[in-house]
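Here the numbering used here is used: position 81 in the sequence shown is 90, and no number is missing along the way. The beta carbon of each residue, even a glycine, is placed where N, CA and C say it ideally should be.
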Amino acid sequence: DSRYKTGDKVILTGWRVGEMYWGGYSQKARVNADCLVPLPEGLTTRQVMAVGTAGFTAMLAIMALEDHGLKPGNGEVLVTGASGGVGSVATAILASFGHEVAAVTGRPEQADYLKSLGAARIVAREEINQTVKRPLEAEVWAGCVDAVGGEMLARVLGQMKYGASVAAVGLAGGAGLPATVIPFLLRGVNLLGIDSVMQPYENRIRAWDIIAKNLPMDKLEVMVHPATLNELPELGRAILKGEVRGRVVVDVNI
Numbered sequence: 010d011s012r013y014k015t016g017d018k019v020i021l022t023g024w025r026v027g028e029m030y031w032g033g034y035s036q037k038a039r040v041n042a043d044c045l046v047p048l049p050e051g052l053t054t055r056q057v058m059a060v061g062t063a064g065f066t067a068m069l070a071i072m073a074l075e076d077h078g079l080k081p082g083n084g085e086v087l088v089t090g091a092s093g094g095v096g097s098v099a100t101a102i103l104a105s106f107g108h109e110v111a112a113v114t115g116r117p118e119q120a121d122y123l124k125s126l127g128a129a130r131i132v133a134r135e136e137i138n139q140t141v142k143r144p145l146e147a148e149v150w151a152g153c154v155d156a157v158g159g160e161m162l163a164r165v166l167g168q169m170k171y172g173a174s175v176a177a178v179g180l181a182g183g184a185g186l187p188a189t190v191i192p193f194l195l196r197g198v199n200l201l202g203i204d205s206v207m208q209p210y211e212n213r214i215r216a217w218d219i220i221a222k223n224l225p226m227d228k229l230e231v232m233v234h235p236a237t238l239n240e241l242p243e244l245g246r247a248i249l250k251g252e253v254r255g256r257v258v259v260d261v262n263i
């Protein structure tokens, strides 16, 4: 492809590589050039993989919130599943932008970790993850990056400030949404779906450029756990149990 030459450093996330197409956890892969973006200035390939699909998704969510009016000073921004991959990067970037981040976690021992990423306060999962009893509650959140879905997302929708938005990036708490349309109709709340797999080239370039300029690398390093290919089966089990925080970088050469 004329856009790339031998030795160029590139990024590939999504496009179902490693899911529907071979290429995940590979030392070499033959891929469609349309799936690639150039490595942005200021980032190494290791840092990009530390950010990974999860961090890229977090950036898309923040972009969507800002495109819908979120600004520093609007109020607290909630991040659910905050100690996970998406949540960790979202917390760090939102804090670097000057937002007041409220990080939700079900693991109290992760409080210091989340504060080190920039969270202003920690919210216990039990406070949020309750069955919706009223379609509207007090207006609390100026924005939300939600990686949980389910009852937690339904509850958060009723707590959003007027005209505020929730960027939905995951379903760790279930694919169902036991909510009403009342927050949308009476408060103008927006529920924004975030897909990182099939994002067009222009959005990818924009997201990676913002990451390169705004994600504090010292905070990224706090998130990262190195691993080898042999450790993947056990890591997979740990992820399903909710025991892995932050990001895992797999060295495919070991």
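As a quick exercise: from T114, H108, G90 and R134, pick the residue whose alpha carbon is nearest that of A151. Taking the sequence shown and counting its residues from 1, the one referred to as residue 151 is at position 142. Nearest C-alpha to A151: H108.
Taking only three categories from DSSP, how would you classify K228? Position 219 of the sequence shown holds residue 228. Three-state DSSP puts K228 in a helix.
Closest to G159 by C-alpha separation, out of S97, R134, A147 and G127, would be which residue? Looking up residue 159 in the sequence shown gives position 150. Comparing Cα-Cα distances from G159 to each of S97, R134, A147 and G127, the minimum goes to R134.
At 4 residues or longer, and completely inside the segment 52 to 125: list those alpha helix (DSSP H) runs for me, N to C. Runs of the alpha helix (DSSP H) inside the segment 52 to 125: 54 to 76 and 94 to 105.
Who are R328's beta bridge partners in DSSP? Given a span of 10 to 263 for the chain in the structure shown, any question on residue 328 remains unanswerable.
Could you tell me which of M226, V257, V253 and A216 sits nearest to P235, measuring between CA atoms? Here residue 235 refers to the residue found at position 226 when the sequence shown is read from its first residue. Ranking M226, V257, V253 and A216 by Cα distance to P235 puts V257 first.
Given a cut-off of 7 Å, decide if L166 and P192 are closer than it, judged by their beta-carbon atoms. Position 183 of the sequence shown, counted from the first residue, corresponds to residue 192. Position 157 of the sequence shown, counted from the first residue, corresponds to residue 166. A contact, by the Cβ cut-off of 7 Å.
DSSP three-state label for K170, please. As a first step, residue 170 is located in the sequence shown; it is residue number 161 there, counting from the start. Looking at K170 - three-state DSSP - the assignment turns out to be strand.
If distances are taken between C-alpha atoms only, which option among R39, C44, G251 and L200 comes closest to G115? Within the sequence shown, the letter at position 106 stands for residue 115. Proximity to G115 across R39, C44, G251 and L200 peaks at G251, based on C-alpha coordinates.
Ignoring anything shorter than 4 residues or poking outside the segment 184 to 234, list the alpha helix (DSSP H) runs there in chain order. Within the segment 184 to 234, the complete alpha helix (DSSP H) runs of at least 4 residues are 191 to 195, 210 to 223 and 226 to 232.
Should M207 be labelled buried (16 or more other beta-carbon atoms within 10 Å of its own) or exposed? Stepping through the sequence shown from its first residue, residue 207 is reached at position 198. Counting other Cβ atoms within 10 Å of its Cβ, M207 stays below 16 and is therefore classed as exposed.
Would you mind working out which of K228, F106 and T189 sits nearest L74, comparing C-alpha positions? For this step, residue 74 is matched to residue 65 along the sequence shown. L74 has its Cα closest to that of F106, out of K228, F106 and T189.
Chain-order list of residues whose beta-carbon lies under 6 Å from that of A91 (same chain, five-residue window excluded): Walking along the sequence shown from the start, residue 91 turns up at place 82. Hits under 6 Å: T100, A112, V113, T114 and L123.
So, are the CB atoms of I102 and A120 less than 7 Å apart? Mapped onto the sequence shown, residue 102 falls at position 93. Mapped onto the sequence shown, residue 120 falls at position 111. No, Cβ-Cβ distance for I102 and A120 is not below 7 Å.
For A40 and G82, I'd like the C-alpha separation in whole angstroms. The residue given as residue 40 occupies position 31 in the sequence shown. The residue given as residue 82 occupies position 73 in the sequence shown. Note on identity: in this sequence residue 40 is Val, with Ala being the wrong assignment. Spanning the two alpha carbons is a distance of roughly 43 Å.
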